[in-house]
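Residue numbering for the sequence shown follows full-length UniProt numbering, beginning at 1 and increasing consecutively.
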Amino acid sequence: MPYQVDGQAFEGYYLAAPDKQAPLVVLVHDWDGLTEYEIKRARMLVALGYNVFAADLFGAGVRPTAMEDKKRLTGALYQDRPRMRKLLQGALTEAAKQGGRLDNAVAVGYCFGGAAVLELARSGASLKGIVSVHGGLETPAGQDYQQTRANLLIQHGSADQAVSLGQFAALIAELESAGIKHEATSYSGAPHAFSVFGSDNYRADADAKAWQRFTEFLGEVTRD
Numbered sequence: 001m002p003y004q005v006d007g008q009a010f011e012g013y014y015l016a017a018p019d020k021q022a023p024l025v026v027l028v029h030d031w032d033g034l035t036e037y038e039i040k041r042a043r044m045l046v047a048l049g050y051n052v053f054a055a056d057l058f059g060a061g062v063r064p065t066a067m068e069d070k071k072r073l074t075g076a077l078y079q080d081r082p083r084m085r086k087l088l089q090g091a092l093t094e095a096a097k098q099g100g101r102l103d104n105a106v107a108v109g110y111c112f113g114g115a116a117v118l119e120l121a122r123s124g125a126s127l128k129g130i131v132s133v134h135g136g137l138e139t140p141a142g143q144d145y146q147q148t149r150a151n152l153l154i155q156h157g158s159a160d161q162a163v164s165l166g167q168f169a170a171l172i173a174e175l176e177s178a179g180i181k182h183e184a185t186s187y188s189g190a191p192h193a194f195s196v197f198g199s200d201n202y203r204a205d206a207d208a209k210a211w212q213r214f215t216e217f218l219g220e221v222t223r224d
């Protein structure tokens, strides 16, 4: 599904539940862009009765496969946080155009997307919940969670070599200090990207537990 933000073309994916007034889930991809992984997760959520918009933060047709391209694309957005926020807001706007309810919505992100949705949280986005799954957790210099409105769910792998347990603990302390409603779980033996089907890092037990808690969280925060 094509859409535009600031004149740049993007290509998202919208799936409607039978109930068009059902809660909305906005899904943000990992560092290889919007691929079959995110589409599969979107279909799993629609099967549970949610409307889903899978966002695109890289641009139409941009689906990097080489490591250097993944680092370049994500690095550009990490270095330009206002741009990242604008693209995230553009995704929310497009989801609403497609019929999604922003007054009863949750954002979820995986890996890079998990860091991106925390940017959305710090921006003060008016969402019911924000979920980071094995995402980057470090708060950029000059930012905080004082404007955060959403309930946060943080799902982390205890064996993650990309995002340390120290960063996990620091985020929890920061959220508690800011008075933000949150829940954070670390799954034993789970490395970075533990939910990515078919990858060397996939851990079925951690993925199943994380998905179960995620779907429970969705039900809790999106009750009308």
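Cβ coordinates follow ideal geometry from the N, Cα and C atoms, glycine included.
{"Item": "Taking 7 Å as the limit between beta carbons, can you name the residues of its chain near P64, skipping five residues before and five after?", "Value": "D32, G33, K70 and L73"}
{"Item": "Under 8 Å, do V25 and V106 count as touching if we go by C-beta distance?", "Value": "yes"}
{"Item": "To the nearest angstrom, how far is the alpha carbon of M84 from that of L92?", "Value": "13 Å"}
{"Item": "My understanding is that G113 touches D200, with C-beta atoms under 8 Å, so please give their C-beta distance in whole angstroms.", "Value": "Actually they are not in contact, since the Cβ atoms of G113 and D200 sit about 20 Å apart, beyond 8 Å."}
{"Item": "In its own chain, which residues sit with a C-beta less than 6 Å from the C-beta of E183, not counting the 5 before and 5 after it?", "Value": "L153"}
{"Item": "Mapping DSSP to helix, strand and coil, what is L140?", "Value": "Before going further, note that residue 140 is Pro rather than Leu in the sequence given. Coil."}
{"Item": "What three-state label does DSSP hand V117 in the structure shown?", "Value": "helix"}
{"Item": "Specify, as a first and last residue, the run of the beta strand (DSSP E) that G129 falls within.", "Value": "G129 to V133"}
{"Item": "By DSSP's criteria, G109 is part of a beta bridge. Which residues make up the other side?", "Value": "V28 and S132"}
{"Item": "What's the gap between the Cα of P191 and the Cα of V5?", "Value": "34 Å"}
{"Item": "Judging by CA-CA distance, which residue of G61, Q161 and G75 is the nearest neighbour of A193?", "Value": "Q161"}
{"Item": "Shortest alpha-carbon distance to G75 belongs to which of V108, L57 and Q89?", "Value": "L57"}
{"Item": "If you count every other CB in all the chains shown that lies within 10 Å of the CB of A125, and 16 or more means buried, which is it?", "Value": "buried"}
{"Item": "Do the stretch 160 to 178 and the stretch 124 to 141 meet, that is, are 3 or more Cβ pairs less than 8 Å apart?", "Value": "yes"}
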